[in-house]
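All remarks here apply to the structure that follows.
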Amino acid sequence: MAAVQRLLRAAASGGAVARRRMASLAAEERMVRRPAAERNVQWVFLGCPGVGKGTYASRLSRLLGVPHIATGDLVRDELASTGPLASQVRPRLLPVFPHPRSACFPLRCADLDSFFLQLAEIVNQGKLVSDEIIFNLLSKRLKKGEDQGESGFILDGFPRTVKQAEILDGVIDIDMVVNLKLREDVLVEKCLGRRICSQCGKNFNVACIDVKGENGLPAIYMAPLLPPNNCMSKMITRADDTEEVVRNRLRIYNDMSQPVEGFYRDQGKLLEFDLPGGIPESWPKLLHVLNLEDQEELKLAAA
Numbered sequence: 001m002a003a004v005q006r007l008l009r010a011a012a013s014g015g016a017v018a019r020r021r022m023a024s025l026a027a028e029e030r031m032v033r034r035p036a037a038e039r040n041v042q043w044v045f046l047g048c049p050g051v052g053k054g055t056y057a058s059r060l061s062r063l064l065g066v067p068h069i070a071t072g073d074l075v076r077d078e079l080a081s082t083g084p085l086a087s088q089v090r091p092r093l094l095p096v097f098p099h100p101r102s103a104c105f106p107l108r109c110a111d112l113d114s115f116f117l118q119l120a121e122i123v124n125q126g127k128l129v130s131d132e133i134i135f136n137l138l139s140k141r142l143k144k145g146e147d148q149g150e151s152g153f154i155l156d157g158f159p160r161t162v163k164q165a166e167i168l169d170g171v172i173d174i175d176m177v178v179n180l181k182l183r184e185d186v187l188v189e190k191c192l193g194r195r196i197c198s199q200c201g202k203n204f205n206v207a208c209i210d211v212k213g214e215n216g217l218p219a220i221y222m223a224p225l226l227p228p229n230n231c232m233s234k235m236i237t238r239a240d241d242t243e244e245v246v247r248n249r250l251r252i253y254n255d256m257s258q259p260v261e262g263f264y265r266d267q268g269k270l271l272e273f274d275l276p277g278g279i280p281e282s283w284p285k286l287l288h289v290l291n292l293e294d295q296e297e298l299k300l301a302a303a
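full-length UniProt numbering applies: residue 1 is where the sequence shown begins, and numbers increase by one.
In structure tokens, the structure reads:
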């Protein structure tokens, strides 16, 4: 419990003092980590918004039999659960924010409602969720998985900052970091083609990307992912999928991601993967660089 409390305080604070405390915490936590032979893969997937982290991470999740954990999904799931909790006004202790190696943090209902309101406000305004909230949600998810017998994980789009990477490195052994890359003009076109069915909620893409190779850049072809006829008339576009917003998101991500990439590159854990096209072109090559291409029966299961 004490080690976890120090972790959360480090996540909420900043500066050199926090980093020194994180280094000390890392040495302490490594003493209780499970040996590699007793766990499955523990990977991180990085990449710009719209590059396809969720698509490839979820396929590998099914292939390897490990959970796919996207922090964006954790936030949305937490917000989706606010209805029943907000109506429970009687004071009581709730087991929230557990950590894989600790007891739960008790939080009274009023504090929990305040947390949900803070989280909703941050998401609605398009701000980054604080490190403390993210690590709380991640700890809760890892504890739930551990209780259910899960072994290993694939983290999707996290950590986003060096500070987050340092904290994560102090408590979890990350085996490999896969950095998916795609040229910006293709990313923009891909994001602008995204559509959502207003009825079933499934995601589609109407963009047919066929970019010729020039100036040393490879040619890229991505076929559209068109909806079935019953969804065609119900397609909507996300409000933030405009060229201005997409390019701004990419600029912010690139500014933040370079130090994170350098952090894992210095550890020898970073695997750069340039997507050569859509799923039919990229999936077999990704399996190859991950040394998984010989598992034909598993490829079919993950398709």
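All residues carry an ideal CB built from backbone N, CA and C; glycine is no exception.
Should ILE172 and ALA57 be called a contact, given that it needs their Cβ atoms to be closer than 8 Å? For the purposes of this step, residue 172 is taken as residue 172 along the sequence shown, with counting starting at 1. For the purposes of this step, residue 57 is taken as residue 57 along the sequence shown, with counting starting at 1. In this structure, ALA57 does not lie closer than 8 Å to ILE172 by Cβ.
Between which two residues does the alpha helix (DSSP H) containing PHE135 stretch? Here residue 135 refers to the residue found at position 135 of the sequence shown. Here the alpha helix (DSSP H) through PHE135 covers 131-147.
Comparing alpha-carbon positions, which option in PRO218, VAL206 and ASP241 lies nearest PRO228? Working through the sequence shown from its first residue, we reach residue 228 at position 228. Nearest C-alpha to PRO228: VAL206.
Name the two residues that bound the continuous alpha helix (DSSP H) containing GLU244. The residue you call residue 244 lines up with position 244 of the sequence shown. Judged by DSSP secondary structure, GLU244 falls within the alpha helix (DSSP H) whose first and last residues are 243-266.
So what does VAL44 bridge to, in DSSP terms? Numbered from 1 along the sequence shown, position 44 holds the residue referred to as residue 44. Answer by DSSP bridge pairing, in chain order: LEU155 and VAL177.
The alpha helix (DSSP H) that contains VAL289, what's its start and end? For the purposes of this step, residue 289 is taken as residue 289 along the sequence shown, with counting starting at 1. 279-289 is the span of the alpha helix (DSSP H), which, as asked, contains VAL289.
I'd like to check one pair, VAL188 with LEU46: are the Cβ atoms closer than 8 Å? Counted from its first residue, the sequence shown places residue 46 at position 46. Counted from its first residue, the sequence shown places residue 188 at position 188. Their beta carbons are not under 8 Å apart, which means LEU46 does not touch VAL188 by this criterion.
Do LEU197 and CYS231 have their C-beta atoms closer together than 8 Å? Here residue 197 is taken as the residue at index 197 of the sequence shown, counted from 1. Here residue 231 is taken as the residue at index 231 of the sequence shown, counted from 1. Note that residue 197 is Cys in the sequence shown here, rather than Leu. Result yes, Cβ atoms of CYS197 and CYS231 sit closer than 8 Å.
Neighbourhood of residue 349 by C-beta distance below 6 Å, restricted to the same chain and skipping five residues each side: The requested residue 349 does not occur in the structure, where the chain is confined to residues 1 to 303.
With 16 other Cβ atoms within 10 Å as the buried cut-off, status of ILE236: By one-based count along the sequence shown, residue 236 stands at place 236. ILE236 should be labelled exposed.
At which residues does the beta strand (DSSP E) containing VAL211 begin and terminate? What you label residue 211 is simply residue 211 of the sequence shown in a count that begins at 1. From DSSP, the beta strand (DSSP E) with VAL211 extends over 209-211.
Hey, would you say LEU271 sits closer than 8 Å to ASN179, going by beta carbons? Translated into positions along the sequence shown, residue 271 becomes position 271. Translated into positions along the sequence shown, residue 179 becomes position 179. In contact: LEU271 and ASN179 (Cβ atoms closer than 8 Å).
Would you call VAL260 buried or exposed, if buried means 16 or more other Cβ atoms sit within 10 Å of its Cβ? Taking the first residue of the sequence shown as position 1, residue 260 is located at position 260. The residue is buried, with at least 16 neighbouring Cβ atoms inside 10 Å.
Roughly how many angstroms separate the alpha carbons of VAL75 and LYS163, rounded to a whole number? Within the sequence shown, numbered from 1, the residue matching residue 75 stands at position 75. Within the sequence shown, numbered from 1, the residue matching residue 163 stands at position 163. Going by the C-alpha atoms only, they are around 20 Å apart.
Nearest to ASN203 by CA position, among GLY216, TRP283, PHE263 and LYS234, is which residue? Indexing the sequence shown from 1 puts residue 203 at position 203. Looking at the Cα atoms, LYS234 is the closest of the given residues.
Between GLY54 and ASP156, which are expected to be in contact by the criterion C-beta below 8 Å, what is the C-beta distance as a whole number of angstroms? Residue 54 sits at position 54 when you count from the first residue of the sequence shown. Residue 156 sits at position 156 when you count from the first residue of the sequence shown. Indeed they touch by this definition, with Cβ atoms about 6 Å apart.
Residues in its own chain within less than 8 Å of VAL289 by CB, not counting five upstream and five downstream? Walking along the sequence shown from the start, residue 289 turns up at place 289. Excluding sequence neighbours, VAL289 sits near LEU271 and PHE273.
Do the CB positions of CYS48 and LEU250 come within less than 8 Å of each other? Position 48 of the sequence shown, counting from 1, holds the residue named residue 48. Position 250 of the sequence shown, counting from 1, holds the residue named residue 250. Yes.
Does ALA239 pass the burial test, meaning 16 or more other C-beta atoms within 10 Å, or should it be called exposed? Residue mapping note: residue 239 aligns to position 239 of the sequence shown, counting from 1. Exposed is the call here.
Taking all protein chains shown into account, do 16 or more other C-beta atoms lie within 10 angstroms of the C-beta of ASP131, making it buried, or fewer, making it exposed? Stepping through the sequence shown from its first residue, residue 131 is reached at position 131. Classification for ASP131: buried.
Determine whether the beta carbon atoms of ILE174 and GLN42 lie at a separation below 8 Å. As a first step, residue 174 must be located in the sequence shown, where it is residue number 174. As a first step, residue 42 must be located in the sequence shown, where it is residue number 42. In contact: ILE174 and GLN42 (Cβ atoms closer than 8 Å).
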